[in-house]
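Chains A and B supply the protein sequences, listed in that same order.
In terms of the working numbering, the first sequence has 353 at position 353, counting the first letter as 1, and numbering is strictly consecutive.
In terms of the working numbering, the second sequence has 125 at position 125, counting the first letter as 1, and numbering is strictly consecutive.
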Amino acid sequence: MAVPMEKLGLSKHEARLQNRIDRIAEHPVYSPLRKPLIKGDKTHGDVSADISRIHEGKAGAAWWVAFAIAVTFLVTGLIAGYLTVTIGIGTWGLNKTVGWAFDITNFVFWIGIGHAGTFISAILYLFNQKWRTSINRSAEAMTLIAVMCAGVFPIIHMGRPWLFYWVLPYPNTRGTLWVNFRSPLLWDFFAISTYFTISLVFWYLGLVPDLATARDRATTKWRKRFYTILALGWNGSNRTWSRYETVYGMLAALATPLVLSVHSIVSFDFATSLIPGWHSTIFPPYFVAGAVFSGFAMVMTLMIVVRKVMNLQDYITIKHLDNMCKVTLLTGSIVGLAYITELFIGFYSGNPNEIFMIINRVLGPYAWAYWIMFGCNALIPQLFWFKRFRTTIPLIFAISILVNVGMWFERFVIITTSLHRDYLPSSWVMYFPTPVELGLLLGSFGLFFTAFLLFLRLFPVISVNEVKGVLRYGKH
Amino acid sequence: MGNTDAANKNVRFTAVFFSNEDDLKACAMEARLRGINVYDVFSPFPVHGIDAAVGLEPSRLTWIGFIAGVFGLSFALVLQVWTSAYDWALNVGGKPFNSFPLFIPVAFELTVLFAGLISIGVLFMRNRLWIFSKKKIFDGVTDDRFVLVLQQMDASLDTKKARLLFEKYNAVEITEGDEFV
Chain A
1 MAVPMEKLGL SKHEARLQNR IDRIAEHPVY SPLRKPLIKG DKTHGDVSAD ISRIHEGKAG
61 AAWWVAFAIA VTFLVTGLIA GYLTVTIGIG TWGLNKTVGW AFDITNFVFW IGIGHAGTFI
121 SAILYLFNQK WRTSINRSAE AMTLIAVMCA GVFPIIHMGR PWLFYWVLPY PNTRGTLWVN
181 FRSPLLWDFF AISTYFTISL VFWYLGLVPD LATARDRATT KWRKRFYTIL ALGWNGSNRT
241 WSRYETVYGM LAALATPLVL SVHSIVSFDF ATSLIPGWHS TIFPPYFVAG AVFSGFAMVM
301 TLMIVVRKVM NLQDYITIKH LDNMCKVTLL TGSIVGLAYI TELFIGFYSG NPNEIFMIIN
361 RVLGPYAWAY WIMFGCNALI PQLFWFKRFR TTIPLIFAIS ILVNVGMWFE RFVIITTSLH
421 RDYLPSSWVM YFPTPVELGL LLGSFGLFFT AFLLFLRLFP VISVNEVKGV LRYGKH
Chain B
1 MGNTDAANKN VRFTAVFFSN EDDLKACAME ARLRGINVYD VFSPFPVHGI DAAVGLEPSR
61 LTWIGFIAGV FGLSFALVLQ VWTSAYDWAL NVGGKPFNSF PLFIPVAFEL TVLFAGLISI
121 GVLFMRNRLW IFSKKKIFDG VTDDRFVLVL QQMDASLDTK KARLLFEKYN AVEITEGDEF
181 V
C-alpha cells in the first residue's frame with residue numbers, strides 16, 4: 001500500500017496532480033477584482049464567536065422592549081381573532097358587495113414578504129451570489145414566519161376555522177365528496193403548504209451544521225441538550241458534506257420554480273375570476289415581482305436594525321445593502337411597468353367595464369390608496385439609481401419602510417377597488433376596516449416580530465458555516 | 001476511500017489536524033498520491049475541491065430526488081383525475097370532468113413536495129443523522145479545525161516520513177488510535 005516517498009515514480013496524471021498540490025499550497029488563486037465580503041480580517045474562529053455570542057449572551061434591554069411590544073400586538077391579535085371566531089365574520093367591515101378586503105390584503109401582503117427568503121437562499125444560490133451567505137439565514141426565518149402570518153387569514157376567513165382540514169383530499173363520510181381540484185383557492189392551499197414545508201426543511205438543513213457549532217460551544221446542560229438533539233450528531237465529515245451539498249443544490253433547484261409558482265397561484269385567485277381589474281393575464285409575473293420586491297424591502301428593514309443592535313456591521317456590510325437595493329430597484333421597476341401596462345391594457349381592451357374600473361381605481365374614492373401605492377412602489381425606489389441612496393443607511397431604511405407600506409396598499413387597491421363598484425350601481429358601497437380587522441393586522445405584526453425575536457435568541461442569525469466558506473472571497 | 005475491514009486488528013487511524021482548508025486539501029492530495037488511505041476528512045464548512053482530492057465519487061442522491069419527484073407527479077395526477085373524473089365526478093361550471101390543465105398547479109406542488117422531503121429524508125438516513133446519534137466529534141471541527149483521518153491497513157506506513165509530510169503542511173496536532181466510530 002504505502003510507497004516509500006523517495007522512490008516515487010510519478011505517472012503523467014500523478015505529476016499533474018502533484019503540480020496542482022504545489023500550486024494550491026503556495027499560491028491560492030483569488031480574483032483581484034473582487035472585494036472581501038466580510039470585513040475586519042476574520043478568522044474561522046472569529047466567525048463562530050462573533051455570531052454565536054448573539055444567541056449565547058444575555059438578551060439586552062432593546063430586545064426585551066421589542067419583545068414586550070411584539071407580544072402586546074400579538075395579544076391584541078388574539079383578542080381580535082377570538083371575537084372573529086366566537087361572534088363571526090360580521091365583526092369585519094365586509095358587506096355583500098365587498099366580500100374580500102382586509103384579510104385577503106393581509107394574506108397576500110404576508111405571502112409576498114415570505115418570498116424574499118427562498119429567493120435569496122435558492123435563486124441567489126443557483127446564481128452563485130456569495131453575498132447571500134450573510135443574509136440568507138434570517139431571510140429564510142423571516143419567510144417561514146411570514147408564511148405563518150399569511151396562513152392565519154384565509155383560515156379565519158373560513159368562519160369555522162376548526163374545519164379547515166376539509167380542504168385536504170381525504171376519504172370522508174360525506175360519500176367521499178372530494179375537494180374541487182379546479183379551484184385556484186385549493187391550489188393556493190397546496191402551494192402554500194408545500195412552500196412552507198420546503199422552506200422549513202431548507203432552512204433546517206442549512207441550520208444543522210450551525211446547530212452543531214452551537215452544540216460544541218454550549219456550556220450549560222440544557223443548551224447542550226437542546227442543540228445536541230437538533231444537530232443530529234453532525235460531525236462535519238466530508239462524506240456528509242458532499243451529500244449535504246448535493247441535496248442543498250437540488251432543493252435550491254426545486255425551490256426556485258416553487259417560489260415563482262406560489263405567488264403565481266396566489267394571483268390566479270384573482271386572475272381566474274371575471275372581475276374587471278382581476279381578470280388579467282399580467283397577474284402572475286406582476287405578483288411575483290411584487291412579492292420579491294416587498295420581501296427584499298422587509299429583509300432590509302430587519303437587517304438594518306439587526307446589524308446595528310447586534311453589532312454585525314462586519315458581516316452585513318454596505319455592500320450587502322447595496323446589492324439588496326439593486327434587487328429592490330429592479331423588481332420595483334417591474335412592478336411600476338406592470339401598473340402602467342394595466343392602465344394601458346384597461347383602455348386598449350375597449351371593454352367599458354375595464355375602462356370604468358381603471359378610472360375608478362385612479363380617480364375614484366380610493367384614489368388616495370392608489371397614489372400611495374404608485375408613489376411608494378413605482379416612484380420612490382427609483383432613487384436607488386443613485387449610489388448615495390443605496391449606501392446611506394437611514395435613507396435605505398426609510399425607503400424600505402415606504403415600500404412595505406406601498407406593497408400593502410397595492411393589495412388593498414387591487415382587491416377593494418375592483419369590488420366596491422360592481423356591475424350594478426345600486427350595490428355600490430365603500431369599505432372600511434373595523435377595529436377587529438385592524439386588531440388582526442396588528443396581531444399579525446405581533447406574531448411576526450415575536451417569532452423573529454425568538455429566532456434571534458435561539459439560532460445563529462447568520463449562517464456560520466457558509467460565512468466561513470466565503471472568508472477568502474476577494475482576498476489575495 | 002476505503003472504510004471496510006474495521007475488524008482487521010492491524011487497522012489504525014491517524015487524525016491530522018490543520019488550521020486551514022488549503023493545508024488540509026494539499027495534504028490529503030499528497031497523502032493519497034503516496035498511497036496512504038484517506039478514511040475521511042472533517043471540516044467546519046464544505047471545502048471546495050476536497051471531493052476530488054480524496055477521490056470521493058459524486059453523490060447519487062440526485063437520482064433519489066428525481067425518482068421521488070416522478071412519484072409525486074404521478075401520485076398527484078392520478079389522485080386528481082381519479083377523484084374529479086371517476087370516483088365522484090362533479091360538474092363545476094360546465095368544465096370537463098378531466099380538466100387536465102387545471103390539475104397542473106397541484107401536480108407541480110406535489111412533485112416538489114415529494115422530491116424535497118424524500119431526498120432530505122434519505123440524506124438524513126444515509127448519513128445516519130438523527131436525534132440520538134452518537135458519532136465521534138473531533139474537538140474544534142465545528143469551529144476552526146480541519147481534520148484529515150488516514151487509515152492504515154498494515155504496518156507499512158513509514159511513520160517518520162508521514163510525520164514529515166504532515167509537518168510540510170503545517171499540521172497542528174496528530175493523534176493516533178485503533179478505533180474510529
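C-beta: ideal position from N, C-alpha, C; glycine also.
Buried or exposed (CB count within 10 angstroms, at least 16 for buried), B:Trp88: With fewer than 16 other beta carbons inside 10 angstroms of its own, B:Trp88 counts as exposed.
Do you know whose CA, among B:His48, B:Asp22, B:Ala162, B:Phe114, lies nearest B:Leu150's CA? Ranking B:His48, B:Asp22, B:Ala162, B:Phe114 by Cα distance to B:Leu150 puts B:Ala162 first.
Distance, Cα to Cα, A:Tyr248 vs A:Leu424? Distance between the alpha carbons of A:Tyr248 and A:Leu424: 53 angstroms.
Please report the straight-line C-alpha distance between A:Thr341 and A:Arg182, rounded to a whole angstrom. When only Cα atoms are considered, A:Thr341 and A:Arg182 end up about 29 angstroms apart.
Using only the alpha-carbon positions, how far apart do A:Leu438 and A:Ala70 sit? Straight through space, the alpha carbons of A:Ala70 and A:Leu438 are spaced by roughly 15 angstroms.
Return the first residue and the last residue of the beta strand (DSSP E) that A:Val167 is part of. Careful: A:Val167 lies outside any beta strand (DSSP E) and carries neither H nor E.
Check whether chain A comes within 9 angstroms of B:Val11, counting only Cβ atoms and requiring the distance to be less than that. Proximity of B:Val11 to chain A, defined by a Cβ-Cβ separation below 9 angstroms, is not satisfied.
Backbone secondary structure at B:Gly177 - three-state DSSP: Secondary structure of B:Gly177 (DSSP, three-state): strand.
Alpha helix (DSSP H) segment containing A:Ala451, residue limits: Unbroken alpha helix (DSSP H) run through A:Ala451: 435-458.
Reduced DSSP category for B:Asn37 - H, G, I as helix; E, B as strand; rest coil: B:Asn37: strand per DSSP, three-state reduction.
Nonlocal neighbours in the same chain, by C-beta distance under 6 angstroms from A:Thr331, ignoring five residues either side: In the same chain as A:Thr331, and ignoring 5 residues on each side of it, the C-beta atoms closer than 6 angstroms to its own belong to Ala289, Val292, Phe293, in chain order.
Straight-line CA distance for A:Leu163 to A:Tyr170? Cα-Cα distance, rounded: 13 angstroms.
N- and C-terminal bounds of the alpha helix (DSSP H) containing A:Thr91: A:Thr91 -> no alpha helix (DSSP H), and no H or E assigned at all.
Taking the alpha helix (DSSP H) that A:Arg239 falls in, what are its first and last residues? Boundaries of the alpha helix (DSSP H) around A:Arg239: 238-271.
Is the distance from the Cβ of A:Trp150 to the Cβ of A:Leu258 below 9 angstroms? Residue identity check: residue 150 of chain A is Ala in the sequence provided, not Trp. Cβ atoms of A:Ala150 and A:Leu258: not closer than 9 angstroms.
Using a Cβ-Cβ cutoff of less than 6 angstroms, which residues in the same chain neighbour A:Ala2 once the five nearest sequence positions on both sides are dropped? Because A:Ala2 carries a pLDDT of 44, less than 50, the predicted location of this residue cannot be relied on, and the following value inherits that uncertainty. Counting only Cβ-Cβ distances below 6 angstroms, and skipping sequence neighbours, we find nothing.
Same chain, Cβ closer than 6 angstroms to A:Asp530, five either side skipped, listed in chain order: Because chain A in this structure spans residues 1 to 476, residue 530 of chain A falls outside the shown range and cannot be described.
Cβ neighbour criterion (16 or more within 10 Å) applied to A:Tyr348: With fewer than 16 other Cβ atoms within 10 Å, it is exposed.
Report the residue from A:Lys12, A:Leu17, A:Lys42 whose alpha carbon sits nearest the alpha carbon of A:Tyr473. Minimum Cα distance to A:Tyr473 is reached at A:Lys42.
Cβ of B:Ala176 less than 9 angstroms from any chain A Cβ? Residue 176 of chain B is actually Glu in this sequence, not Ala. Not closer than 9 angstroms to any Cβ of chain A, the Cβ of B:Glu176 fails to qualify, so no.
Taking only the alpha-carbon atoms, compute the straight-line gap between B:Val106 and A:Ser267 and give it to the nearest angstrom. Rounded to whole angstroms, the separation of the alpha carbons of A:Ser267 and B:Val106 is 15 angstroms.
Whole angstroms are fine: how far does the CA of B:Thr62 sit from the CA of A:Lys12? Their backbone Cα atoms lie some 33 angstroms apart in a straight line.
Touching or not, the stretch 92-112 of chain A and the stretch 409-424 of chain A, by the rule of three or more beta carbon pairs under 8 angstroms? The stretch 92-112 of chain A, when compared against the stretch 409-424 of chain A, does touch it at the 8 angstroms Cβ threshold.
From B:Gly116, B:Ile104, B:Leu165, pick the residue whose C-alpha is nearest to that of B:Gly69; which is it? B:Gly69 has its Cα closest to that of B:Gly116, out of B:Gly116, B:Ile104, B:Leu165.
Can you tell me whether A:Gln498 is buried or exposed? The criterion is at least 16 other CB atoms within 10 Å of its CB, across all chains shown. There is no way to answer for residue 498 of chain A, as the model of chain A reaches only from 1 to 476.
For A:Phe196, which beta-bridge partners are listed by DSSP? BP columns for A:Phe196 are empty, so no partner.
Where do the ends of the beta strand (DSSP E) carrying B:Ala15 lie? For B:Ala15, the uninterrupted beta strand (DSSP E) run begins and ends at 12-18, by DSSP.
Rounded C-alpha distance that separates A:Lys221 from A:Ala231: Approximately 15 angstroms, taken between the alpha carbons.
In whole angstroms, what separates the C-alpha of B:Phe166 from that of A:Leu17? About 18 angstroms.
So A:Lys468 contacts chain B; which residues on that side make the cut at Cβ distance below 7 angstroms? Near A:Lys468 (Cβ distances below 7 angstroms), the residues of chain B are Pro44, Phe45.
Taking 9 angstroms as the CB-CB cut-off, is B:Asp5 touching chain A? Residue placement at B:Asp5 cannot be trusted, given a pLDDT of 46 that sits under 50; what the coordinates show is reported in the next sentence. Not one chain A Cβ lies under 9 angstroms of B:Asp5.
Using 8 angstroms as the threshold, is the stretch 134-144 of chain A in touch with the stretch 188-201 of chain A, meaning 3 or more CB pairs across them? Yes, they touch.
Going by beta-carbon coordinates alone, are A:Thr213 and A:Ser48 separated by less than 9 angstroms? For A:Thr213 and A:Ser48, yes; Cβs fall inside 9 angstroms.
Hey, does B:Ala171 have any beta-carbon neighbour from chain A nearer than 9 angstroms? Not one chain A Cβ lies under 9 angstroms of B:Ala171.
Give me the residue from B:Asp23, B:Phe13, B:Arg128, B:Lys134 with the minimum Cα distance to A:Tyr244. When each option's Cα is compared against that of A:Tyr244, the closest is B:Arg128.
Helix, strand or coil, according to DSSP, for B:Phe114 in the structure here? The three-state secondary structure of B:Phe114, taken from DSSP, is helix.
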